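Quick note, the sequences are listed as chains A and B, same order. At position 199 of the first sequence the residue is numbered 199 (our numbering), and the sequence of numbers has no breaks. Add 1000 to the 1-based position in the second sequence for our numbering, that's all there is to it. Glycine included, every Cβ here is placed at the ideal spot set by N, Cα and C. Model, not experiment: these values are computed from the prediction.
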Amino acid sequence: MDIKFMHAEATDAEKSAVDAVLGAPDSGWDGGDHSRADDRIARLGHDARSRRDELLPALHGLQDRIGWISEGGLNYICRRLTIPPAEAYGVATFYALLSVQERPPIVVHVCDDTACRAAGVMEIIEDLESIAGASGNADGDSMWLTSPCLGQCDKGSAAFIQSAGAPNRVIAPSPATDIVSALAGEIPSTAPSLGAPQAGSAGLQLLRRVGVVDPWDLEDYRFHGGYAALRMAVHMGPAAVLREIKDAEVRGRGGAAFPAGIKWQGAASHPSRTKYIVCNADESETGTFKDRVLMEGDPYAVIEAMTIAGYAVGAEKGYLYIRGEYPVAEELLANAITKARAKGLLGSDVLGSGFAFDVEIRRGAGAYICGEETALFNSIEGYRGEPRSKPPFPTDVGLFGEPTVVNNVETLANVPLILMGGGPGFAASGTGGSNGTKLFCLAGAVEKPGVYEVPFGTTIRELLDLAGGVRGELHAILVGGAAGRFLPISRLDTPLTFEHLRDIKGTLGSGAIMVFNTEADMGAAVRRVAAFFRDESCGQCVPCRVGTVRQEEALARMEAGSDERAVLDDLAMVLRDASICGLGQLAAEAVQSAFELGVLES
Amino acid sequence: MTTFDTTTWTRIEPPARKVKVSIDGEDVIVTEGATVLDACRQAGVDTPTLCYGDTLTPVNACRVCVVEVEGSRALVPACSREAEGGMEISTDSNRVRKSRQLVLELLGSSVNLKLAGMKHWMDRYDADAGRFGPPGEPAGAGERDQAQPGHHHDVDGATAATVTEPPRIDNALYMRDYAKCILCYKCVEACGEDAQNTFAIAVAGRGFEARISTEFAVELPDSACVFCGNCIGVCPTGALMPMTEWTMRQAGTWNEEEQTITRTVCSFCGVGCNLELHVQDNKVVKATSPEDHSVTSGHLCIKGRFGWEHIQSVDD
Ligand SMILES: Cc1cc2nc3c(=O)[nH]c(=O)nc-3n(C[C@H](O)[C@H](O)[C@H](O)COP(=O)(O)O)c2cc1C
Ligand code: SF4
Ligand code: SF4
Ligand code: SF4
Ligand code: FES
Ligand code: FES
Chain A
1 MDIKFMHAEA TDAEKSAVDA VLGAPDSGWD GGDHSRADDR IARLGHDARS RRDELLPALH
61 GLQDRIGWIS EGGLNYICRR LTIPPAEAYG VATFYALLSV QERPPIVVHV CDDTACRAAG
121 VMEIIEDLES IAGASGNADG DSMWLTSPCL GQCDKGSAAF IQSAGAPNRV IAPSPATDIV
181 SALAGEIPST APSLGAPQAG SAGLQLLRRV GVVDPWDLED YRFHGGYAAL RMAVHMGPAA
241 VLREIKDAEV RGRGGAAFPA GIKWQGAASH PSRTKYIVCN ADESETGTFK DRVLMEGDPY
301 AVIEAMTIAG YAVGAEKGYL YIRGEYPVAE ELLANAITKA RAKGLLGSDV LGSGFAFDVE
361 IRRGAGAYIC GEETALFNSI EGYRGEPRSK PPFPTDVGLF GEPTVVNNVE TLANVPLILM
421 GGGPGFAASG TGGSNGTKLF CLAGAVEKPG VYEVPFGTTI RELLDLAGGV RGELHAILVG
481 GAAGRFLPIS RLDTPLTFEH LRDIKGTLGS GAIMVFNTEA DMGAAVRRVA AFFRDESCGQ
541 CVPCRVGTVR QEEALARMEA GSDERAVLDD LAMVLRDASI CGLGQLAAEA VQSAFELGVL
601 ES
Chain B
1001 MTTFDTTTWT RIEPPARKVK VSIDGEDVIV TEGATVLDAC RQAGVDTPTL CYGDTLTPVN
1061 ACRVCVVEVE GSRALVPACS REAEGGMEIS TDSNRVRKSR QLVLELLGSS VNLKLAGMKH
1121 WMDRYDADAG RFGPPGEPAG AGERDQAQPG HHHDVDGATA ATVTEPPRID NALYMRDYAK
1181 CILCYKCVEA CGEDAQNTFA IAVAGRGFEA RISTEFAVEL PDSACVFCGN CIGVCPTGAL
1241 MPMTEWTMRQ AGTWNEEEQT ITRTVCSFCG VGCNLELHVQ DNKVVKATSP EDHSVTSGHL
1301 CIKGRFGWEH IQSVDD
């Protein structure tokens, strides 16, 4: 490939930001200083191209340090990694947290998404507008933008701060005054609270260590039972581990509810020598923050579970793809990986068993679609986060074209529990279709929002009681996030299991439960969901790229009194039937269920 | 093993296994590895396609070719789904007709399909591109290049958003009218791995603001473009067009019915690319290459595609 680069040159600051990620260049061939030796040896070709997957980390390097991605900066990355500039530009313009236009050094992303709306965030936004002016105004040293859900919904408001040259931060809750201080450069150093009201109570499984263990400390993790499961796994052998997971009949917690054992078996029995484990920590579904609680409260457990998965499947490398808006969790996980590696719990000889496994963290950059497993692969590989068509499925052709197990954080968090208690025991603890416990994210109009762990089969009413009851008078419940459905409030006694929800045309989805009281503006809430899908569509296929726009437009016309049901029903049909991936396929579900249940009538 | 018959230079494949599928109730036997679209063609069932090209890797993005496969939750794209033994395929069920209708309406309401050859399909499926309201304001020059992923302006629904923007004319050889772009990825594939290996253009942005772009939307002469015109050759909607054709269309003098096509061999080098010279009023107005030609697969270089002006420059 003979690549034509741009003429723009990177500044020294830009070069060092990129080099900090990629290491120093080897020669003039990959962007370094030109020496006489370079005239005799060419060092491009396959070696350089094989680093394509470092594109997104390098883009992050520029964005974090410089605050935006200039022509010179992008050109330098392209030279370093042998990537055509047009392609790198296509990748950089895909992500909401990256900017190819010059921006003020401080950018504050303020959540105006559905769960925070149900908790009253629009008042904060109105205050903010009156003090700091409209969103998107890039004059001055800082600007603010609206943002989709930031995974802090239990606080009812949240802001994510990008500050050039300083670490990214989150403030939640985020009263207007705090946002204004952040815009003025006073970046808070304290992290938001965890959001697990049950922490420390007896009888918890997934949350047993959350709020109890020191999340930085490997020894404390071990003291609380950590790494016993990996030790046991290595003792049992891969086939036995696999059998336990299959016997447990544990379904995926990332939304699709696919049995994890079948997935693991598929990858394990694939003849390819290279396999991957991917932990999906992209958690960008509106109203969902359970994976954040697990990662912030018990980070070692996620790494241990990935290691067990690698052992069972025969993978030597795991990737943990975490959304860019979770800086606290990312830091904790990076710490856990370093410490585990130092103690031989990761690396070339895990627990002295001869098994090699390591984990690399990859950070997303503001794209809900990258939680879709195949879009996630493309994102890691350095391409635009567009879903691939399935089949082939990831267990055959996954990350870098190799068999891959992708699991959600919560699914993985079950793995050590299953090994310690035995697969059949785990299976017996459920309803048959839904085994084990489940994390639910309660947000909106409840007294004590947060992540709650309950056994499958708990009713919605019981869950609402656990969360201190509804604030005000209950009007509607949206289960499963933006991709979920409203549930009839006459069915509060429905047990929360995959199968019971399917029976009433609902879905557990990601476990998000958004509660709206009679004061909520339901029209605005539904329009926000529609806007979310329009914003987050990757744009690849027509039904979703254009259909989500038409859906938002039709809802706006409906607000003005026009009857749009026929158009909306047709859009729902083509979205569901003809979209490539789950984003488009589910983009009309919340809207349709709102009509079916009369949620929009007050 | 593949061998070549050197008298005709056709590839002789070993006998392939066959699979039987049913299309609208009729059994069809196709070679293993064939797509549902191949099976449909074999059965004589006409299928609309836009993003599919015989010489390109399918991206199955437009979704106009969807069919219903028994047992599959969603519809499947005929152009890229492999035919499997026992598949029961419906190409004209209510669901298929409805989805194709909607896909055409969504495209027709957002993109200028005048030259996309979809008219008879729009008629067949009763597609009404106007049902979402009058088209919104066109974007200004370069405005779509500035879109921020994940953000869009508030909508009131009074008009239907479109991708309309002024044509981009930045060189003497060809122009880009992205108001006609359905984002089929064909030009990107032709410029990249499927033919040209130049990678001058890619998809940039996200969602409705996704677009074909050079790096930082620089003009073509500043980009990596080598003006082979292979992107023009594969564009199904007329969004990419040689300047000669564009100029004549603007002047109202382009008349395809009057044109004859003469097949010849490009005289610039020894590769042997076949050319089709499109001639109107005894003047060459465009050069293309046949898609099924074994040397070019329809692709050319700058000389073959654009280097014919000298033929007719004698008396001008
Ligand atoms: C648009 C979209 C977004 C998704 N986001 C996530 C996510 O953030 N986290 C996640 O675990 N799964 C997400 N998924 C589901 C994944 O594709 C995949 O099914 C899941 O990670 C598999 O893990 P599990 O089997 O453990 O649930 C998403 C799917 C779609 C279609
Ligand atoms: S359904 Fe939407 S998000 Fe999924 S591939 Fe199509 S355009 Fe992209
Ligand atoms: S003319 Fe050739 S090089 Fe230029 S964009 Fe088109 S395909 Fe790429
Ligand atoms: S310019 Fe033409 S070939 Fe390229 S994506 Fe648009 S419609 Fe397809
Ligand atoms: S953080 Fe605001 S909706 Fe989740
Ligand atoms: S032709 Fe099949 S999806 Fe476009």
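- For the segment 1131-1146 of chain B, the beta-carbon criterion of a distance under 8 Å to any beta-carbon of chain A is satisfied by Arg1131, Phe1132, Gly1133, Gln1146.
- Annotated three-state conformation of Ala556 of chain A is helix, per DSSP.
- Here Ile1029 of chain B is exposed, its C-beta having fewer than 16 other C-beta atoms within 10 Å.
- Close partners of Cys538 of chain A in chain B (Cβ separation under 8 Å): Arg1206, Gly1207, Ala1210.
- Taking a C-beta distance under 8 Å as the contact criterion, Ala257 of chain A and Ile277 of chain A do not qualify as a contact pair.
- When C-alpha distances from Ile1261 of chain B are compared across B:Cys1184, B:Met1175, B:Glu1193, B:Leu1275, the shortest belongs to B:Leu1275.
- In terms of CA proximity to Val1234 of chain B, B:Gly1053 leads the group B:Gly1033, B:Gly1053, B:Arg1041.
- Between the alpha carbons of Arg243 of chain A and Glu304 of chain A lies a distance of about 18 Å.
- Distances between the C-beta of Leu1104 of chain B and the heavy atoms of ligand 6 are all 7 Å or more.
- Within chain B, the residues whose beta carbon sits less than 7 Å from that of Ala556 of chain A are Val1155, Asp1156, Gly1157, listed in sequence order.
- In the three-state reduction of the DSSP assignment, Glu360 of chain A falls in the strand class, which pools E and B.
- Distance from the C-beta of Gln1259 of chain B to the nearest heavy atom of ligand 5 is not below 7 Å.
- In this structure, the CA atom of Cys1065 of chain B is about 15 Å from the CA atom of Leu1183 of chain B.
- Contact between Tyr1185 of chain B and Arg1211 of chain B is ruled out by a C-beta separation of about 12 Å, above the 8 Å threshold.
- Look at Pro416 of chain A: its C-beta is not under 8 Å from any C-beta on chain B.
- A residue is called buried when at least 16 other Cβ atoms come within 10 angstroms of its Cβ; Ser348 of chain A does not meet this threshold and is exposed.
- Taking a cut-off of 8 Å on C-beta distances, the segment 309-322 of chain A touches the segment 403-418 of chain A, as three or more cross pairs fall below it.
- Its chain contains Glu552, Leu555, Ala556, Glu559 as the residues whose beta carbon lies nearer than 8 Å to that of Arg527 of chain A, once the 5 sequence neighbours on both sides are disregarded; these appear in chain order.
- Contact between the segment 326-346 of chain A and the segment 1119-1139 of chain B is not established, with fewer than three Cβ pairs separated by less than 8 Å.
- Residue range 71-81 is occupied by the alpha helix (DSSP H) that includes Tyr76 of chain A, with no beta strand (DSSP E) assigned at that position.
- Identification of chain B residues near Gln101 of chain A by a Cβ-Cβ cut-off of 9 Å yields Gln1146, Gln1148, ordered along the chain.
- In this structure, Glu1189 of chain B sits away from Leu1300 of chain B, with a CB-CB distance that is not shorter than 8 Å.
- Leaving aside the five residues that flank Ala228 of chain A on each side, the residues in its chain whose CB is nearer than 7 Å to its CB run, in chain order, Met420.
- A residue is called buried once 16 or more other Cβ atoms fall within 10 Å of its Cβ, and Ile1311 of chain B, having fewer, is exposed.
- About 5 Å separates the beta carbon of Thr459 of chain A from that of Asp493 of chain A, a gap short enough to meet the 8 Å contact definition.
- When DSSP states are grouped into helix, strand and coil, Ser1109 of chain B belongs to the helix group.
- Thr1214 of chain B has no beta-bridge partner at all, per DSSP.
- At the C-beta level, Ala281 of chain A and Leu98 of chain A stay beyond 8 Å of one another.
- Taking 8 Å as the cut-off, the Cβ atoms of Gly252 of chain A and Asn408 of chain A count as close.
- In this structure, Gly584 of chain A has its beta carbon less than 7 Å from a heavy atom of ligand 2.
- According to the DSSP secondary-structure assignment, Gly324 of chain A is paired through a beta bridge with no residue.
- Among the residues facing chain A, Cys1062 of chain B is included, as its CB has a counterpart in that chain under 8 Å away.
- Between Lys263 of chain A and Glu402 of chain A, the gap from beta carbon to beta carbon reaches 8 Å or more.
- Close to chain A, meaning a Cβ-Cβ distance shorter than 9 Å, are the following residues of the segment 1187-1207 of chain B: Val1188, Cys1191, Gly1192, Asn1197, Thr1198, Phe1199, Ala1200, Ile1201, Ala1202, Val1203, Ala1204, Gly1205, Arg1206, Gly1207.
- Contact residues of the segment 1082-1096 of chain B toward chain A are Arg1095 (C-beta to C-beta distance below 7 Å).
- Residue contact check for Lys1098 of chain B against chain A: a CB pair falls below 8 Å.
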